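In order, the protein sequence lines correspond to chains U and D.
Going by the numbering used here, 86 is the number at position 86 of the first sequence; the sequence numbering is gapless.
Going by the numbering used here, 154 is the number at position 154 of the second sequence; the sequence numbering is gapless.
2 protein chains.
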Amino acid sequence: MTLELILHEYSASGNCYKVRLTAAYLGLPLERREYDISKGETRTPAFLAAVNANGRIPVLQVGDRFIPESNAACFYLADGSRLIPSDRFDRADMLRWMFFEQYSHEPNIATMRYWLAYVGEDRLSGAQQGQMPAKRAAGEAALRLMDEHLETRLFLVGETLSLADIALYAYTHVAAEGGFSLGAFPAVVKWLEAVRAAPGHISIDSYRFTRNSC
Amino acid sequence: MTLELILHEYSASGNCYKVRLTAAYLGLPLERREYDISKGETRTPAFLAAVNANGRIPVLQVGDRFIPESNAACFYLADGSRLIPSDRFDRADMLRWMFFEQYSHEPNIATMRYWLAYVGEDRLSGAQQGQMPAKRAAGEAALRLMDEHLETRLFLVGETLSLADIALYAYTHVAAEGGFSLGAFPAVVKWLEAVRAAPGHISIDSYRFTRNSC
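1. Report buried or exposed for residue 135(D), applying the criterion of at least 16 other Cβ atoms within 10 angstroms of its Cβ.
2. Confirm, please, whether the CB-CB distance from residue 16(U) to residue 67(U) is below 9 Å.
3. Under 9 Å between the Cβ atoms of residue 59(U) and residue 73(U)?
4. Going by the beta-carbon positions, is the gap between residue 26(D) and residue 81(D) smaller than 9 Å?
5. Examine chain U for any beta-carbon lying closer than 9 Å to the beta-carbon of residue 80(D), and answer yes or no.
6. Kindly indicate which three-state DSSP category residue 62(D) falls into: helix, strand or coil?
7. Does residue 17(U) have its Cβ less than 9 Å from a Cβ in chain D?
8. Which residue's Cα is closest to the Cα of residue 107(D): 90(D), 143(D), 120(D)?
9. Excluding sequence positions up to five away, which residues of its chain have a Cβ less than 8 Å from the Cβ of residue 225(D)?
10. Which of the three DSSP states, helix, strand or coil, is assigned to residue 22(D)?
11. Can you give me the C-alpha to C-alpha distance between residue 120(U) and residue 167(D), rounded to a whole angstrom?
12. Taking Cβ-Cβ distances shorter than 7 Å, what residues in chain U pair up with residue 38(D)?
13. Check whether chain U comes within 9 Å of residue 95(D), counting only Cβ atoms and requiring the distance to be less than that.
14. Does any residue of chain U have a CB that is nearer than 9 Å to the CB of residue 98(D)?
15. Taking the alpha-carbon of residue 206(D) as reference, which of 20(D), 7(D), 194(D) has the nearest alpha-carbon?
16. Who are the neighbours of residue 167(U) on chain D, taking C-beta pairs under 7 Å?
17. Tell me whether residue 29(D) sits in a helix, a strand or coil according to DSSP, three-state version.
18. What in chain U is Cβ-close to residue 71(D), meaning under 8 Å?
19. Spatial neighbours of residue 129(U) within its chain, please: CB distance less than 6 Å, with the 5 preceding and 5 following residues excluded, ordered by chain position.
20. Note down, in chain order, all residues in the region 126–142 of chain D with a beta-carbon under 9 Å from any beta-carbon belonging to chain U.
21. Classify residue 148(D): buried if its beta carbon has 16 or more other beta carbons within 10 angstroms, exposed otherwise.
22. Of the residues 115(D), 105(D), 112(D), which one's Cα is nearest the Cα of residue 169(D)?
23. Where residue 103(D) and residue 2(D) are concerned, what is the direct C-alpha to C-alpha distance, given to the nearest angstrom?
24. In chain D, which residues lie with their C-beta within 7 Å of the C-beta of residue 181(U)?
25. Excluding the 5 residues preceding and the 5 following residue 211(D) in the sequence, name in chain order all residues of the same chain whose CB lies nearer than 8 Å to its CB.
26. Whose C-alpha, out of 98(U), 140(U), 18(U), is nearest the C-alpha of residue 184(U)?
27. For the region 101–117 of chain U, which residues have a CB atom closer than 9 Å to at least one CB atom of chain D, in sequence order?
28. Let me know the secondary structure DSSP gives residue 210(D) once reduced to three states.
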């Protein structure tokens, strides 16, 4: 039995795009339900009770069960596929980049993008503005680490595309919207092109393979 | 061939304890190398070049290769063992809690513990002191989410201990050192006892199964 897959998401979010992108590379059909996070639609009592008590998207619904956390949802979709290395070391190394993404990359690059491109710099709180220099420096450090690693290889882990590339592509390819210039990171730019060229790739504003059920 | 396992760590760190704890539950011998993060020993040129360009511990060395990121190191050790569910949904659900740990739990509870118990409140910068109310609130929200989830079950995923429990035990059981009271979270307290009772458990200050090579 194939369980129906429903993605609860805010489509401009890179974390949600990761899940659509994983499904697209694998040719898996996804039904989509859109929530406007700027209107608090993931903090309603109904959402908290039925979809995710943590009030966050994306959440992947598998039949009547739910998987929050973007990288866990991607792992579910890709489990047993070519997007997860069959080698034990490479499999852990893939997760290493996915945890790096959530700890060192997303909180800096995705947050800066949200603040600058969606909230607007003049509408940020004093506390948010105060955090910007540290987030900019930490985001640049994350990009530098990726750039050095990618100098000698085409993909982050092994020889082929994996979930590590998908997880880090999502916010790296729109880092300019957060005020990050990729000009200083040529290996990252080349890697973005390689991810984009992989068969099945979709852009962040494409919903091929998906169906909106809102 | 069994590859030698070396843990590069700072032993008081909960992230490092996770890796020792995983090894202990599985009876795997680990060699330990200790670094004093307060003296910058993970930011030296030698450490950055040879162990982890990200300047963080723990790093699990497997033969001559390295796995940074605590939860990825745990996954490597436990791959194929009873600590990772064989069911596809449960496996993704385990990762869901591990990503939650790194995104919503560790940056709040572990950081508060480090600031209060290791740095000292009067030695924090103004920026750090300014972040404390938000970190306290977010840490309490993470504990509340766990408490609600654990009200009806013994372990976080499925019926038995998994890496999800290990990842979240590490900083939850010392949350009081970060100023968090567990009195309001009785299901968390009961779960801590269940994790502690699992065969093979070691405390954060025990190095059974390990050998120090410093």
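Yeah, the Cβ is synthetic: ideal placement off N, Cα and C, and Gly gets one too.
These numbers were taken from a predicted model, which means no experiment stands behind them.
Let me lay it out:
1. Residue 135(D) should be labelled buried.
2. No; because the gap between Cβ atoms is not below 9 Å, this pair is not in contact.
3. Yes, Cβ-Cβ distance for residue 59(U) and residue 73(U) is below 9 Å.
4. Yes.
5. The beta carbon of residue 80(D) sits closer than 9 Å to some beta carbon of chain U.
6. Here DSSP, grouped into helix, strand and coil, assigns residue 62(D) to strand.
7. By this cut-off, residue 17(U) is not an interface position.
8. Nearest C-alpha to residue 107(D): 143(D).
9. The structure shown does not extend to residue 225(D), since chain D spans only 1 to 214, so no value can be given for it.
10. The three-state secondary structure of residue 22(D), taken from DSSP, is helix.
11. C-alpha separation (whole angstroms): 36 Å.
12. Within 7 Å Cβ-Cβ: nothing; residue 38(D) doesn't reach chain U, min ~20 Å.
13. Interface residue, yes.
14. Judged by the 9 Å Cβ criterion, residue 98(D) is in contact with chain U.
15. Nearest C-alpha to residue 206(D) among 20(D), 7(D), 194(D): 20(D).
16. Close partners of residue 167(U) in chain D (Cβ separation under 7 Å) are lacking, with about 10 Å as the shortest Cβ gap.
17. Residue 29(D): coil per DSSP, three-state reduction.
18. Within chain U, the C-beta atoms nearer than 8 Å to that of residue 71(D) come from 95, 99, in chain order.
19. Within the same chain, residue 129(U) has no close Cβ partners at all.
20. Result list: 127, 130, 131, 134, 141, 142.
21. In summary, residue 148(D) is exposed, with fewer than 16 beta-carbon neighbours lying within 10 Å of its beta-carbon over all protein chains present.
22. Sorting 115(D), 105(D), 112(D) by C-alpha distance to the C-alpha of residue 169(D) places 105(D) at the top.
23. Taking the CA atoms as reference points, residue 103(D) sits about 33 Å from residue 2(D).
24. In chain order: nothing, as chain D lies at least about 21 Å away.
25. Answer for residue 211(D): 29, 30, 31, 32, listed in chain order.
26. Closest by alpha carbon: 140(U).
27. Within the region 101–117 of chain U, contact with chain D at the beta-carbon level (separation under 9 Å) is assigned to 102, 103, 104, 106, 107.
28. Strand, per DSSP.
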